[in-house]
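For the sequence shown, our numbering gives the first residue as 587, with consecutive numbering after it.
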Amino acid sequence: MKNVVFITREKIIKGSGAPSSRNFLLAKMFSEEGIFVHLFSFDMRCKLKEKTTNEDIYISIYGVEPKNERLLIRRIARKFFMLLPTLLFLFRVVNIVKVLKGKTVIYQDWTTTKSMDLGVLLIFRFIYGYKVYTDPNEVFAYLVEYQYENSCFFLRYFNMLKQFLGDLLLRYYTGLIIISSQLEAKYSKINKNYLRIPIISKLYSRNNKELLSYEKYEVFKIGYFGTLQIYKEGLDLLLSALEALKKKGYKLEIHFYGKINKYETKEIYAMIDRSNGSAIYHGLLSNEEVLKIMGKYHLLISTRRLNKQTQYGFSTKLAEYMATGVPFLVTNIGDNSKYIKDGINGYIIEPDSLQQLIDKLEHIIINYNKESIIISKNSIETANKYFNYQNYKNRIIEFFFSDKT
Numbered sequence: 587m588k589n590v591v592f593i594t595r596e597k598i599i600k601g602s603g604a605p606s607s608r609n610f611l612l613a614k615m616f617s618e619e620g621i622f623v624h625l626f627s628f629d630m631r632c633k634l635k636e637k638t639t640n641e642d643i644y645i646s647i648y649g650v651e652p653k654n655e656r657l658l659i660r661r662i663a664r665k666f667f668m669l670l671p672t673l674l675f676l677f678r679v680v681n682i683v684k685v686l687k688g689k690t691v692i693y694q695d696w697t698t699t700k701s702m703d704l705g706v707l708l709i710f711r712f713i714y715g716y717k718v719y720t721d722p723n724e725v726f727a728y729l730v731e732y733q734y735e736n737s738c739f740f741l742r743y744f745n746m747l748k749q750f751l752g753d754l755l756l757r758y759y760t761g762l763i764i765i766s767s768q769l770e771a772k773y774s775k776i777n778k779n780y781l782r783i784p785i786i787s788k789l790y791s792r793n794n795k796e797l798l799s800y801e802k803y804e805v806f807k808i809g810y811f812g813t814l815q816i817y818k819e820g821l822d823l824l825l826s827a828l829e830a831l832k833k834k835g836y837k838l839e840i841h842f843y844g845k846i847n848k849y850e851t852k853e854i855y856a857m858i859d860r861s862n863g864s865a866i867y868h869g870l871l872s873n874e875e876v877l878k879i880m881g882k883y884h885l886l887i888s889t890r891r892l893n894k895q896t897q898y899g900f901s902t903k904l905a906e907y908m909a910t911g912v913p914f915l916v917t918n919i920g921d922n923s924k925y926i927k928d929g930i931n932g933y934i935i936e937p938d939s940l941q942q943l944i945d946k947l948e949h950i951i952i953n954y955n956k957e958s959i960i961i962s963k964n965s966i967e968t969a970n971k972y973f974n975y976q977n978y979k980n981r982i983i984e985f986f987f988s989d990k991t
C-alpha cells in the first residue's frame with residue numbers, strides 16, 4: 587500500500603486558485619494508480635476530527651476548509667502569530683498520518699508562510715523521517731523580491747532574511763517539483779534532487795463543433811479568468827483596447843471572473859462602470875465552475891505585463907485555456923513562447939503594447955471563423971502533448987516513491 591499526504595494552506599474542495607487546482611489534479615492522478623491520497627487543509631481552529639471521503643475511494647479529505655477572516659485583529663493574528671497554531675495543526679496531522687499502513691510520503695505546498703515550511707520539515711522530515719516533497723513557485727520568489735525592493739529599511743532586511751530562510755529550507759526537502767526553465771535555473775542549484783515537468787492540466791472532451799461561430803452583427807465575447815489587477819494583469823490596456831475597437835464599430839464584451847485586488851477595488855469597479863456595459867464582472871468562482879464557463883466565449887485572454895513573477899513560469903490558467911480548445915490571446919512572458927506559436931495554436935503579442943493588442947484583437951475578430959477551428963485543434967494537441975497530467979504519471983510516482991531518495 588502507498589500513501590501520499592497533501593498538506594496545504596489552500597482550500598481543497600472549492601478552491602479558486604492555481605495551487606488548489608494543481609493539488610486536486612495531482613490527487614486524482616495518484617488515486618487513479620491505486621495510491622491512497624490524504625488531503626489536509628490548514629485551519630486556525632485545527633479541527634481534524636471531521637473527515638469526508640471523496641467519491642473516489644482513494645481520496646480522503648480531512649478537516650474544515652479555511653474561512654476568510656473579516657475581523658482585522660484576526661487577520662493580524664494570522665499574519666504575525668502563525669508558528670504556534672501551525673505546529674499544533676501539524677502535530678494533529680502527524681497523529682493521523684503515522685497510523686497509515688504502507689509507504690507514506692508527504693507533499694507540501696511551498697508557501698509564502700515560512701512557519702508552515704519550517705514546521706513540515708521539522709516534524710515530518712526530521713522527527714518522523716518521512717520523505718517530504720514540495721514545488722517552489724514564482725509567487726514566493728516574486729513577493730519577496732518585490733517587497734525587498736519596495737519596503738522600508740527595516741522590512742527590507744526582514745524580507746532578505748525571509749528569502750534566505752526560504753532558500754535554506756529548500757535544501758532539506760527530499761525533492762522538488764519544478765515547472766519552468768526559469769525556476770529550474772534558480773532552484774536546481776539549491777536542491778539537486780528535482781523533477782522538471784511543465785504545468786499539468788486536465789484535458790476535456792471537446793471538439794471543434796462546440797466552438798462559437800461569429801457574425802459581424804453579433805457581440806464578440808471575450809472571457810478573462812484570473813486575478814483582477816490593473817497594472818500587473820494589464821487591465822488598463824485591455825479596457826483601453828476595448829474602447830478603441832468599439833469606436834471602430836465592433837461590438838465586444840469582456841467578462842471578468844476572479845478575485846479583485848483588494849487595494850484596487852474602487853479603481854477596478856470604476857473602470858468597469860466606464861465601459862457602459864461592455865465589461866462585466868461575475869465574481870469569484872471555483873475551479874470546476876470556471877472550466878464549465880470558458881467554452882461560452884469566442885476568445886479567452888490574458889494581458890499580463892512582464893515582472894519578476896511572470897518571468898518565472900507558465901500559467902496554470904493558460905494551460906487550462908489551451909486544453910479547452912477555445913482560441914486565446916496572451917502576452918509573451920515566462921515560458922509562453924516555448925509552447926504558443928502565434929496564429930498556429932493561439933495568439934501571442936508582446937506585453938505592454940496597446941497598439942499590438944488592438945491590432946491583434948481586430949485581426950482575430952475579422953478572421954475568427956477562418957482561423958478558430960485550426961487554432962482550436964492545434965491548441966488541444968499542444969495541451970495533450972505537453973500538459974496532460976496522464977503523460978507524467980509514471981515519472982511523478984517514481985520520483986515520489988523511488989528507493990534512491
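All C-beta atoms in this analysis are idealised placements derived from N, C-alpha and C, irrespective of residue type, glycine included.
Legend entry - Separation of Lys837 from Val554, as counted between CA atoms: The requested residue 554 is not part of the displayed model; the chain covers only 587 to 991.
Legend entry - Alpha carbon of Arg608 to alpha carbon of Ala856, nearest angstrom: Residue mapping note: residue 608 aligns to position 22 of the sequence shown, counting from 1. Residue mapping note: residue 856 aligns to position 270 of the sequence shown, counting from 1. Computed Cα separation, rounded: 33 Å.
Inset, instruction - May I ask you to report which of helix, strand or coil DSSP gives Thr889? - result: Here the question's residue 889 lines up with position 303 in the sequence shown. Thr889: coil per DSSP, three-state reduction.
Inset, instruction - Assuming Tyr648 contacts Ile682 (C-beta within less than 8 Å), just tell me the rounded distance between them. - result: Here residue 648 is taken as the residue at index 62 of the sequence shown, counted from 1. Here residue 682 is taken as the residue at index 96 of the sequence shown, counted from 1. Right, their Cβ atoms sit about 7 Å apart.
Inset, instruction - Following the continuous beta strand (DSSP E) through Thr910, name the residue where it begins and the one where it ends. - result: As a first step, residue 910 is located in the sequence shown; it is residue number 324 there, counting from the start. Counting along the chain, Thr910 falls outside any beta strand (DSSP E), though it belongs to the alpha helix (DSSP H) covering 902-910.
Inset, instruction - Determine the direct distance from the alpha carbon of Phe914 to that of Gln815, and round the result to whole angstroms. - result: In the sequence shown, the residue the question calls residue 815 occupies position 229. In the sequence shown, the residue the question calls residue 914 occupies position 328. Between Gln815 and Phe914, the C-alpha separation is close to 19 Å.
Inset, instruction - Report buried or exposed for Ala771, applying the criterion of at least 16 other Cβ atoms within 10 angstroms of its Cβ. - result: Within the sequence shown, residue 771 is the residue found at index 185, counting from 1. Exposed, since its Cβ has fewer than 16 Cβ neighbours within 10 Å.
Inset, instruction - Please report how far the alpha carbon of Glu636 lies from the alpha carbon of Tyr954, in whole angstroms. - result: The residue labelled residue 636 in the question sits at position 50 within the sequence shown. The residue labelled residue 954 in the question sits at position 368 within the sequence shown. Bear in mind that the predicted position of Glu636 carries a pLDDT of just 44, short of 50, making it unreliable; the figure below should be weighed with that in mind. Spanning the two alpha carbons is a distance of roughly 51 Å.
Legend entry - Inter-stretch contact (C-beta, 8 Å, three-pair minimum) for the region 683-696 and the region 709-717: yes
Legend entry - Span of the alpha helix (DSSP H) around Phe675: Working through the sequence shown from its first residue, we reach residue 675 at position 89. Counted as a single uninterrupted DSSP element, the alpha helix (DSSP H) harbouring Phe675 occupies residues 669-683.
Inset, instruction - Just the C-alpha distance for Phe616 and Phe592, rounded to the nearest angstrom, thanks. - result: The residue you call residue 616 lines up with position 30 of the sequence shown. The residue you call residue 592 lines up with position 6 of the sequence shown. So the alpha carbons of these two residues sit roughly 11 Å apart.
Inset, instruction - Under 7 Å Cβ to Cβ from Trp696, same chain only, skipping five residues before and after it: list those, please. - result: To locate residue 696, count along the sequence shown from 1; it is residue 110. The residues are Asp703, Thr720, Asp721, Pro722, Asn723, Phe726.
Inset, instruction - Could you pull out every residue in the same chain whose Cβ sits closer than 8 Å to the Cβ of Tyr883, ignoring the five residues on either side in sequence? - result: Locating residue 883 in the sequence shown gives position 297, counting from the first residue. Hits under 8 Å: Leu798, Lys807, Ile808, Gly809, His841, Val912.
Legend entry - Sequence-distant residues of the same chain with beta carbon closer than 7 Å to Phe985, five excluded per side: Within the sequence shown, residue 985 is the residue found at index 399, counting from 1. Taken in chain order, the residues that qualify are Gly761, Leu781.
Inset, instruction - Quick one: give me the first and last residue of the beta strand (DSSP E) that Val691 is part of. - result: The residue labelled residue 691 in the question sits at position 105 within the sequence shown. First-last of the beta strand (DSSP E) with Val691: 689-694.
Inset, instruction - Using only alpha-carbon positions, find the residue among Gln941, Ser901, Asp938, Ile944 that is nearest to Lys924. - result: Taking the first residue of the sequence shown as position 1, residue 924 is located at position 338. If we check each option's Cα against that of Lys924, Ser901 comes out closest.
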